[in-house]
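Chemist: This structure is in structure tokens; I'll ask about it shortly.
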Amino acid sequence: MAAPVSQRVDGDRLWRRLRDLARFGATRGGGVCRLALSPEEIGARAALVAWAREIGLQPSVDAAANLFLTLEGREPQLPPLLIGSHIDTQPSGGKYDGAYGVLAALEAAQAITEHPLRPRRSIAVVAWMNEEGSRFAPGMMGSAVFTGKRRLADILAIRDRSGCTVEAALASVLAAERELMRRPLGFPVAGFLEAHIEQGVGLQEAGCTVGVVTGIQGKRTFRVEILGEESHAGTTPRSRRRDALSSAVAVVDALQRAMWDAADTVRFTVGMFDVSPNAPSVVPGRVVFSIDLRHLDADVVAMLGDRIPQLCERARGRCTAAIRERLNEVPLQFPHAMRACIAAAATRLGVSHLQLPSPAGHDARYLHCVCPTGMIFIPCKDGISHNEAEDISEGDATAGARVLAEAAFELANAR
Ligand code: GLV
Ligand code: MN
Ligand code: MN
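Just so we're aligned: the sequence shown equals residues 1 to 415 in this note's numbering.
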């Protein structure tokens, strides 16, 4: 009998590729700034394609710039199993959020190519377009379009801060990859496995190597626009000011107080705050800020999210407030069969594991709507993520890729 595929997972190779990929968009602070559909991401995608070709995977791309690297199975007409994550990052992101999942998938696929038995189904390593949503909001765009959650036509006009549209940025990526095979958007898939760093301290505190992810917490996001009136800082008395910044600060303070919970389970973030005209001697006329609200309990996300418009109205003072909801995603649970498959693989390999939910969002959320989906976590040092200092250990990275390879091989061979 052939040795299990996990034995062919090469931890050194995976670690080397993690280092190599982190060069695309490397920051002085040791992190990565590789925004979705940027020149840095185009470079990183080319590196993925080159690695894929070396090991005999077929690269292809769809109209949303989701990138697939396919290992052909014995029955290639069957829907493939997808494994992967994303390679875009936050502006001051780390080396592993997303990139680990794509490169662990590439390593798992390579290990499977080295096994004498080809899997029954094809296995496609995938890098989803724009998971982070920091250049173009909201995130998880590629997986949303792939799964029919959003229409491609509806995301094309979204602009980044410089005014560049998703349409223009997509065109530059697809032009750079014009020699790749084109796939239809949203083809049938047999399942999806996403490996990812935990971005929390659950595994570290439990002393466990791998997390079997039970589900993803709920999330609502909003954009708030506060409109006042630009006026002269030296001449406008307080009584006549309509200062959008003062109003926005009062609104954010009211929101923060309302979202405070003693148990510290509500996640409430104002991460983007744009002041116009942002000049020292002009009373600000306009502020736009983001709200990111998350909780594991659907009722809590619904109840707190529903209060946001009224809280903004009450605290806006003399300015106007326009509140637009961008995203409303309920908490979800991954199927037991997928969790059992991952847990069984970890048990076979003697890798300690723990079932735990994901407080962070992932493309797996949307894939879950169209196919059996599961996630594998590895520990992330001190839970630090969305930060240049994000760190993992080589041993954990290898163990996670081994579990992924075993689970993927089993699912791709299932009847
Ligand atoms: C993903 O990066 C998230 O914000 O959860
Ligand atoms: Mn991620
Ligand atoms: Mn992220």
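In this text, a Cβ means the ideal position worked out from N, Cα and C, and glycines have one as well.
This structure is a prediction, so every number in the text was calculated from the model and none was measured.
Roughly how many angstroms lie between the CA atoms of ALA399 and VAL210, to the nearest whole one?
Modeler: The straight-line gap from Cα to Cα measures roughly 8 Å.
Chemist: Is the distance from the Cβ of CYS319 to the Cβ of ARG242 below 8 Å?
Modeler: Yes; because the gap between Cβ atoms is below 8 Å, this pair is in contact.
Chemist: Under 8 Å, do PRO80 and ARG118 count as touching if we go by C-beta distance?
Modeler: Cβ atoms of PRO80 and ARG118: not closer than 8 Å.
Chemist: I'd like the list of long-range same chain contacts for LEU78, defined as Cβ closer than 6 Å, with 5 residues on each side in sequence excluded.
Modeler: These residues qualify, in order along the chain: ARG121.
Chemist: Around the C-beta of VAL351, are 16 or more other C-beta atoms found within 10 angstroms, so that it is buried, or is it exposed?
Modeler: By the 10 Å Cβ count, VAL351 comes out buried.
Chemist: Between the beta-carbon of ASP88 and the beta-carbon of GLU54, is there less than 8 Å?
Modeler: It is not a contact, given that the beta carbons lie outside the stated cut-off.
Chemist: Would you list the residues whose beta-carbon is nearer than 5 Å to any heavy atom of ligand 2, in the order they occur in the chain?
Modeler: Any residue whose Cβ sits closer than 5 Å to a heavy atom of ligand 2 makes the list: ASP97 and GLY98.
Chemist: Hey, how far is the Cα of GLY29 from the Cα of LYS95?
Modeler: The straight-line gap from Cα to Cα measures roughly 11 Å.
Chemist: If we count the other Cβ atoms within 10 Å of its Cβ and call it buried at 16 or more, is ARG34 buried or exposed?
Modeler: Label assigned to ARG34: buried.
Chemist: Where does ASN328 sit, in a helix, a strand or coil, going by DSSP?
Modeler: Strand at ASN328.
Chemist: Residues with a Cβ closer than 5 Å to any heavy atom of ligand 1, in chain order?
Modeler: My final list is ALA360 and GLY361.
Chemist: Taking the beta carbon of VAL208 as the centre, do at least 16 other beta carbons fall within 10 Å, making it buried, or is it exposed?
Modeler: Sequence inspection shows Cys at residue 208; the Val mentioned does not correspond to that position. It is buried - the Cβ of CYS208 has at least 16 other Cβ atoms within 10 Å.
Chemist: Is PHE68 buried or exposed, if buried means 16 or more other CB atoms sit within 10 Å of its CB?
Modeler: Looking at its Cβ environment, which holds 16 or more other Cβ atoms inside 10 Å, PHE68 is buried.
Chemist: Please indicate yes or no: does the CB of GLN90 lie closer than 7 Å to some heavy atom of ligand 3?
Modeler: For ligand 3, at least one heavy atom lies less than 7 Å from the Cβ of GLN90.
Chemist: With 16 as the cutoff for other CB atoms within 10 Å, does ARG286 come out buried or exposed?
Modeler: ARG286 comes out buried.
Chemist: Check whether the region 167-176 and the region 353-373 are in contact - that is, three or more C-beta pairs closer than 8 Å.
Modeler: Touching, no.
Chemist: Starting from the Cα of VAL32, find the closest Cα among VAL249, ASP97 and TYR366 and give me that residue.
Modeler: It is ASP97.
Chemist: Curious, which full-length beta strand (DSSP E) runs of at least 3 residues does the region 270-346 contain?
Modeler: With a minimum length of 3 residues, the continuous beta strand (DSSP E) runs that stay inside the region 270-346 are 273-276, 286-295 and 320-329.
Chemist: Check whether the region 58-75 touches the region 180-196, taking contact to mean three or more Cβ pairs, one atom from each stretch, closer than 8 Å.
Modeler: With the cut-off at 8 Å, the region 58-75 and the region 180-196 touch.
Chemist: Taking 8 Å as the cut-off, decide whether the C-beta atoms of ALA127 and ARG17 are in contact.
Modeler: No; because the gap between Cβ atoms is not below 8 Å, this pair is not in contact.
Chemist: What does LEU69 pair with, by DSSP beta-bridge criteria?
Modeler: Beta-bridge pairing links LEU69 to PRO59 and VAL125.
Chemist: Would you say the beta carbon of HIS386 comes nearer than 7 Å to a heavy atom of ligand 3?
Modeler: HIS386: yes, Cβ under 7 Å from ligand 3.
Chemist: Do you know how far the Cα of VAL251 is from the Cα of ILE112?
Modeler: For ILE112 and VAL251, the distance between alpha carbons rounds to 54 Å.
Chemist: Since PHE136 and ASP154 should fall inside the 8 Å C-beta cutoff, what is the C-beta to C-beta distance between them, to a whole number of angstroms?
Modeler: With a Cβ gap of about 12 Å, PHE136 and ASP154 do not count as contacting.
Chemist: Whose C-beta lies closer than 8 Å to the C-beta of GLU41 among residues of the same chain, with five residues either side of it excluded?
Modeler: Here the set comprises PHE24, GLY25, ARG34, LEU35, ILE87, ASP88 and VAL173.
Chemist: Should GLU132 be counted as a contact of ligand 3 given a C-beta to heavy atom distance under 7 Å?
Modeler: Yes - ligand 3 has a heavy atom lying nearer than 7 Å to the Cβ of GLU132.
Chemist: By alpha-carbon positions, which one of GLN256, ASN278, ALA262 and GLY228 ends up nearest to GLY271?
Modeler: Minimum Cα distance to GLY271 is reached at GLN256.
Chemist: By the 10 Å Cβ neighbour count, where 16 or more other Cβ atoms means buried, how is THR373 classified, buried or exposed?
Modeler: Buried.
Chemist: Bridge partners of GLN355, per DSSP?
Modeler: VAL212, per the DSSP bridge assignment.
Chemist: Report all residues from its chain with a CB closer than 7 Å to the CB of SER385; omit the five preceding and five following residues, and keep chain order.
Modeler: Cβ within range, chain order: GLY94, ASP97, ILE197 and GLN199.
Chemist: May I have the straight-line CA-CA distance separating LEU193 from THR265, to the nearest angstrom?
Modeler: Cα-Cα distance, rounded: 27 Å.
Chemist: What does DSSP give as the partner residues of LEU81 in its beta bridges?
Modeler: Its beta-bridge partners are ILE123 and GLY191.
Chemist: Can you tell me where the beta strand (DSSP E) holding MET375 begins and where it ends?
Modeler: Its beta strand (DSSP E) spans residues 373-378.
Chemist: Taking the straight line between their C-alpha atoms, what separation do you get for VAL212 and GLY361?
Modeler: VAL212 and GLY361: Cα-Cα distance of roughly 15 Å.
Chemist: Going straight from the alpha carbon of ARG326 to that of MET1, what length do you get?
Modeler: Their Cα atoms are separated by approximately 53 Å.
Chemist: Could you name each continuous alpha helix (DSSP H) segment of 4 residues or more that falls completely within the region 133-209, going from the start of the chain to the end?
Modeler: Within the region 133-209, the complete alpha helix (DSSP H) runs of at least 4 residues are 141-146, 152-155, 166-176 and 202-206.
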